[in-house]
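Note that the working numbering has the sequence shown beginning at 45, numbered continuously upward.
Yeah, the Cβ is synthetic: ideal placement off N, Cα and C, and Gly gets one too.
Just so it is clear, the structure is predicted and the values come from calculations on it, not from any experiment.
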Amino acid sequence: MSLNNYIINLSVEFNNAPADGINSNVVNVICMNSIDNSPAIGVDIVFSTFSIKNSAFISESGSSVYSTVTDITGKASANICDTLVEDVLARCHIKSDFTNQDTVLLTFRKVTEKFAITNASNINRTFLAGEPTIAWSGAEFTLYTKGGSGDVEWSFEQNTPAVTLRPGAKGVAYILIKNDPSKEVRIIAKDKLTGEIDSYFFYLSNFVRSDRQKHTFFMANVGLGKFMLPVVVYQQIFSQWGDLTYYFIWSEAVDTPYWTNEEARVLVEKEGMGTDNFTTEHVVFDVRTGVTSTSPDGTTYEKYFMHNLSFKPSELE
Numbered sequence: 045m046s047l048n049n050y051i052i053n054l055s056v057e058f059n060n061a062p063a064d065g066i067n068s069n070v071v072n073v074i075c076m077n078s079i080d081n082s083p084a085i086g087v088d089i090v091f092s093t094f095s096i097k098n099s100a101f102i103s104e105s106g107s108s109v110y111s112t113v114t115d116i117t118g119k120a121s122a123n124i125c126d127t128l129v130e131d132v133l134a135r136c137h138i139k140s141d142f143t144n145q146d147t148v149l150l151t152f153r154k155v156t157e158k159f160a161i162t163n164a165s166n167i168n169r170t171f172l173a174g175e176p177t178i179a180w181s182g183a184e185f186t187l188y189t190k191g192g193s194g195d196v197e198w199s200f201e202q203n204t205p206a207v208t209l210r211p212g213a214k215g216v217a218y219i220l221i222k223n224d225p226s227k228e229v230r231i232i233a234k235d236k237l238t239g240e241i242d243s244y245f246f247y248l249s250n251f252v253r254s255d256r257q258k259h260t261f262f263m264a265n266v267g268l269g270k271f272m273l274p275v276v277v278y279q280q281i282f283s284q285w286g287d288l289t290y291y292f293i294w295s296e297a298v299d300t301p302y303w304t305n306e307e308a309r310v311l312v313e314k315e316g317m318g319t320d321n322f323t324t325e326h327v328v329f330d331v332r333t334g335v336t337s338t339s340p341d342g343t344t345y346e347k348y349f350m351h352n353l354s355f356k357p358s359e360l361e
C-alpha cells in the first residue's frame, strides 16, 4: 500500500506505432483507492519515458515527462512518439509518491507504406471496384495488399458460408465462391503488427451455372428456355473473368460457343437463284474469345450453355 492509499495500473492501448515522430503508442493508467477500489479522481500523476538516445517523447508535453490528473473514472492517458526503431520503457507514478509506480514496454517499428488492399484479380483480369458482380460455383480470385508489415489477418465482416478465404504469403488472400451469397460480401484485412485495417466488398447480381453437358437448342429451350442467358450476361461474365476456358468448370467446353436465349435474322443467298433472303438463326457466344455468332440449326447441333441459379439439372432429364 502506498502512502497515498492509491493503486495504479498502467496498460497499453496501442503499440507498434511507426517511428516517425508523429504516430504514437498510447498508454492508459487507472488509479483506484486502495480501500474500496473506487476510482481515484483528480489525482496528480506523472508519465515518463526512457529510451536509449532519449528520442522518445510524450506528445502532450513534447518532452519525456508529462504531468496530468485522473478523470472521473480514475483514468489518464499519454501518447508517446519516437523517431528511432526501438523498445521504449513507459512509466507512470503518483506525483506525491514516486514509489507508487507501474511500467510497460512499448515498441516503435520501422516506417512502412500505408497498409491497403490494392486490387482483386483472377487468372485473366483485374476486377474494377465492387467486382465481381457475376460468378459461378467454384470461381476464385485473389486479393493483394501493400504496405504494413506483410502479416495480415483476413476475415469476413459477417458470416458468409457461401464464400471462403485462404490466407497466402506476402499479405494475399485467395477467395473461393462456392454458392450465391445473396448479399454483399465484405472482406476485412487487418495488419497484425500495425493494426491498420482495409476492406474489399462485392455483390453478385448474377450467379450462373452449367451442367457441362451438350444439348440441342430445341431441347434446352423446351426444358429451360426461361433459364437460358442473354448475350449481355455472357458479355458481363467475359468482361470480368476473361477467357472462361482457363477455369475448370468451363474448360471442357472449348470446342464450341454456348447457346444464348437470343435469335438473329441472317441474310443468306439462295443457291442458284441469285437472290437474297433472311433466315432466323440462334445467337451463340464463344466463351474463349467473347465473340458472338449464329448457329443455323437448333435441332441438330449440340452445344453447351449457361443458366441462372433457378435451374435444377433434373429439369433437363
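Cβ of N305 within 8 Å of Cβ of P340? P340 sits away from N305, with the two beta carbons spaced by 8 Å or more.
My output table needs one value for A100: the three-state DSSP class, helix, strand or coil. Residue state, collapsed to three classes: coil.
Could you check what DSSP says for N265 in three-state terms: helix, strand or coil? DSSP, reduced to helix, strand and coil, places N265 within a helical segment of the structure shown.
Where do the ends of the beta strand (DSSP E) carrying Q279 lie? Counting along the chain, Q279 falls outside any beta strand (DSSP E), though it belongs to the alpha helix (DSSP H) covering V275 to W285.
Taking 8 Å as the threshold (C-beta atoms), are Q280 and F171 in contact? Cβ distance not < 8 Å, so F171 and Q280 don't count as in contact.
From this set, K119, E157 and V216, which residue's C-alpha is nearest S82's C-alpha? Comparing Cα-Cα distances from S82 to each of K119, E157 and V216, the minimum goes to K119.
For the candidate residues D141, A100 and R256, whose alpha-carbon lies nearest to that of W294? Selection D141, A100 and R256 evaluated against W294 yields R256 as nearest (Cα-Cα).
Could you pull the start and end residues of the beta strand (DSSP E) that V90 belongs to? Per DSSP, V90 belongs to the beta strand (DSSP E) from D88 to F94.
For D146, the first and last residue of its enclosing beta strand (DSSP E): Residues D141 to R153.
Counting C-beta neighbours from all protein chains within 10 Å, is the total for D126 16 or more, i.e. buried, or is it exposed? In the assembly as shown, D126 is a buried residue. Its beta-carbon has 16 or more other beta-carbons within 10 Å.
Neighbourhood of S103 by C-beta, 6 Å cutoff - its chain only, sequence neighbours within 5 removed: Excluding positions up to five away in sequence, the list reads S68, N123 and C125.
By how many angstroms is the C-alpha of D235 removed from the C-alpha of F355? Annotation note: pLDDT 41 at F355 (below 50); position unreliable, coordinate value reported separately. Using only the alpha carbons, I get a separation of about 42 Å.
Start-to-end residues for the beta strand (DSSP E) that takes in Y110: Counted as a single uninterrupted DSSP element, the beta strand (DSSP E) harbouring Y110 occupies residues V109 to V113.
Please return the same chain residues whose Cβ sits closer than 6 Å to the Cβ of G188, not counting the five positions on each side in sequence. A small fix is needed here, since residue 188 is Tyr in this sequence, not Gly. Cβ contact annotation for Y188 (same chain, cutoff 6 Å, sequence separation greater than five): T162, N163 and V216, in chain order.
Out of G334, V276, F246 and N98, state which residue places its alpha-carbon closest to the alpha-carbon of S107. When C-alpha distances from S107 are compared across G334, V276, F246 and N98, the shortest belongs to N98.
Decide if S121 is buried, meaning its Cβ has at least 16 other Cβ atoms within 10 Å, or exposed. Under this definition S121 is an exposed residue.
Output the boundary residues of the beta strand (DSSP E) element that contains W294. Unbroken run through W294: none, as it is neither H nor E.
The beta strand (DSSP E) spanning K119 covers which residue range? From DSSP, the beta strand (DSSP E) with K119 extends over K119 to C125.
Since F94 and L133 should fall inside the 8 Å C-beta cutoff, what is the C-beta to C-beta distance between them, to a whole number of angstroms? With a Cβ gap of about 4 Å, F94 and L133 count as contacting.
With distance defined between alpha-carbon atoms, name the residue in T117, A183, A84 and T260 nearest to Y218. Checking every option, the nearest Cα to that of Y218 belongs to A183.
Where does L47 land, buried or exposed, given buried means 16+ other C-beta within 10 angstroms? Low confidence applies to L47: its pLDDT is 49, below 50, so where it sits in the model is not reliable enough to give any reading.
Excluding sequence positions up to five away, which residues of its chain have a Cβ less than 8 Å from the Cβ of I66? The answer, listed in chain order, is C125.
According to DSSP, is P357 helix, strand or coil? With a pLDDT of 43 at P357, under the threshold of 50, the modelled position of this residue cannot be trusted, and the question is left open.
Here's the rule I'm using: 16 or more other beta-carbon atoms within 10 Å means buried, otherwise exposed. How should Y290 be labelled? Result: exposed.
For the candidate residues A100, V70, V109 and F142, whose alpha-carbon lies nearest to that of I52? If you compare the alpha carbons of A100, V70, V109 and F142 with that of I52, the shortest gap goes to F142.
How many angstroms separate the CA atom of N203 from the CA atom of K139? Cα to Cα, the separation comes out at about 49 Å.
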